[in-house]
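The sequence shown runs contiguously to residue 269 in the working numbering. Positions of the beta carbon are idealized from the N, C-alpha and C atoms, including for glycine.
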Amino acid sequence: MQDVVSLVTDLYGGGLARVLELAGDDGELRRRMADDELVSSLLIVHDLHPVGVEDRVRQAIESVRPYLGSHGGDVEVLDVDADEGVVTLRMLGSCDGCASSSVTLELAVQRAIEEAAPEITRIAVDGGAPDGPDAAGAASAPGASIPVTLGRKPEPAPAMAPIYGLRALAPGRVGPLEIEGTKLIVCRVGSQLYAYRSACGRCASALDGAVVDGPVLRCSACGAAYDLPRAGRSLDGDGTHLDPLPLIEEGGEVRIAVGALR
């Protein structure tokens, strides 16, 4: 049976190689093949993809850069070792030292790289931040790494739950939610939505009645101030922070990462 599968796989690979040969220098056709998700995945399996691994990784990073930027973060590609299957990144802005930087990486950067270049088996984060409640404002030792799915098919992306009724949320308003027994708030700064657990980093009070003024949220119980676009960092210099949750607006739908609630 294994021999039959191998023969069929070789047949598909030979057929795809012949298609690329017939395409010749037709750049438009090659681009359309590379952009097609199904065809692209088959080309990758047979090592026939016309776009190199490094270029695909960099294209993947560019595709998520606007999302990271909307949260005051960015990412820099330091190195792509196609032979070893390792990408080295540096998280910048809110992603560096942010309590949710590992979640941001998993949901945005890691998923984009997995889909574009499944040959990559590990993402090394230079100067990444540690996980946990004390991570905000801290820097971990360089060389932290995030394992990526081994093999040709990525694991399913972390679950994102659609949330309805938030598109009408006006700037300066706090939208309270409860998902899987966890209380959250969603706030709008300009055109961007941000989601946080409903708990003040200083006094642990619920934030349903918090006051939002531009990018700043103030706890109605203790007056603590937090910077919403910068991952809920304290503006009072006391090292406290809110607990942010990945939120994506895409195709008119708002989704929150329910996996981050656990």
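- Under the three-state reduction of DSSP output, Tyr74 falls in the helix class.
- Here Cys229 has Cys207, Arg209, Cys210, Ser212 as same chain residues with Cβ atoms under 8 Å from its own Cβ, once five neighbours each way along the sequence are excluded.
- Between Leu214 and Cys226, the C-beta spacing is below 8 Å.
- Distance between Val94 and Gly100, taken at the CA atoms: about 19 Å.
- In the DSSP annotation of this structure, Ala124 is not part of any alpha helix (DSSP H), being labelled neither H nor E.
- Per the DSSP secondary-structure output, Ile68 pairs with nothing in a beta bridge.
- Burial check for Tyr233: the Cβ neighbour count within 10 Å reaches 16 or more, so the residue is buried.
- In the same chain as Asp81, and ignoring 5 residues on each side of it, the C-beta atoms closer than 6 Å to its own belong to Leu75, Leu99, Gly100, in chain order.
- With a threshold of 16 other beta carbon atoms within 10 Å, Gly239 meets it and is buried.
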